[in-house]
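**Student:** The structure's right below; bear with me while I get my questions together.
In this note's numbering, the protein residues as written are 1169 to 1497.
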């Protein structure tokens, strides 16, 4: 944890009672990247950008279509849907960056449907070509053939130079990434793949503060990656590590409030992480306050439209000198 300790200490130089003339901290490099569930239909990418100024997104999830190694959004919506492509073009016109994701919670996964290393690589290529993206996010929430997937990703990267992120599950505040996720990281490293890790800090048991539990999970994951992937320089693994929150009512009970999201995003920025993501843009509204269970189209908390997007945006943009690791309470 030494590298993180250095980053946290540097971020607290402007604490109350300190030197009023201390130099301002450098702007955060942590990006805000909402997930967009493309299978739901109309995607309000431009509406979000106009309302919040946030222009980076991850489009999710490309799955196998009718049991074949052919990608489509949610296994049903065409990759070349004209409405989606128009939104992507308009977002890019505002300077936006678009990543594309496979996998997710349900499937059917391309990674398991496609039998050989060549087939997933071809499916990934079709997804990237359709959207004009250069960034692939492989979200692993089920068993996959690790060797086949790693070989496919290496083949894709060698041919295209694709930026690759592995989105992986966290099992608890102190445990960090689950064992199969660590095995995938080891295999990808052994294959010479260049990739980042996105830790899903959601849906795990905790005590006391949910914001603190999520922040502790970030630190546990960072410690695991530092042990597996030693990196030179003071930043360590932070520039290749991102996190994903589930906003509002989560699948397993905890509610991620706006205060929780603010605290965790600020902590991520103070640590120099690559990005803060959340699931999902379609849920970033107050259409079902007090909902007893998580739903796909609203957060379950009282909020204005795009309030989580704006909250995370403001938290990561705040000067590091004013960011502290908080518990959100």
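All C-beta atoms in this analysis are idealised placements derived from N, C-alpha and C, irrespective of residue type, glycine included.
In the DSSP output, which residue or residues are listed as bridge partners for residue 1239?
**Tutor:** In DSSP, residue 1239 forms a bridge with 1232.
**Student:** With residue 1473 as the anchor, note down where its alpha helix (DSSP H) starts and where it stops.
**Tutor:** No alpha helix (DSSP H) contains residue 1473, which DSSP labels as neither H nor E.
**Student:** Pull up the distance between the alpha-carbon of residue 1476 and that of residue 1346, whole angstroms please.
**Tutor:** Taking the straight line from one Cα to the other gives about 27 Å.
**Student:** Keeping to the same chain, check which residues put their C-beta closer than 6 Å to that of residue 1208; ignore five residues upstream and five downstream.
**Tutor:** Result list for residue 1208: 1450, in chain order.
**Student:** Can you give me the C-alpha to C-alpha distance between residue 1318 and residue 1272, rounded to a whole angstrom?
**Tutor:** Rounded to whole angstroms, residue 1318 to residue 1272 spans 17 Å at the Cα level.
**Student:** The alpha helix (DSSP H) spanning residue 1216 covers which residue range?
**Tutor:** 1213 to 1220 is the span of the alpha helix (DSSP H), which, as asked, contains residue 1216.
**Student:** Are the CB atoms of residue 1369 and residue 1385 within a distance shorter than 8 Å?
**Tutor:** In contact: residue 1385 and residue 1369 (Cβ atoms closer than 8 Å).
**Student:** Rounded to a whole number of angstroms, what is the C-alpha to C-alpha distance between residue 1243 and residue 1203?
**Tutor:** Approximately 17 Å between the Cα atoms of the pair.
**Student:** Beta-carbon within less than 8 Å of residue 1246's beta-carbon, same chain only, minus the 5 sequence neighbours each way: which residues are those?
**Tutor:** Around residue 1246: 1240.
**Student:** For the beta strand (DSSP E) containing residue 1203, name the first residue and the last one.
**Tutor:** 1199 to 1205 is the extent of the beta strand (DSSP E) around residue 1203.
**Student:** Using three-state DSSP, classify residue 1256 as helix, strand or coil.
**Tutor:** It is helical.
**Student:** Output the boundary residues of the alpha helix (DSSP H) element that contains residue 1384.
**Tutor:** Unbroken alpha helix (DSSP H) run through residue 1384: 1378 to 1396.
**Student:** Note down, in chain order, each residue of its chain lying with its Cβ closer than 7 Å to the Cβ of residue 1237, except the 5 sequence neighbours on either side.
**Tutor:** Result list for residue 1237: 1278, 1281, 1282, 1287, 1291, in chain order.
**Student:** In this structure, does DSSP put residue 1484 in helix, strand or coil?
**Tutor:** Helix.
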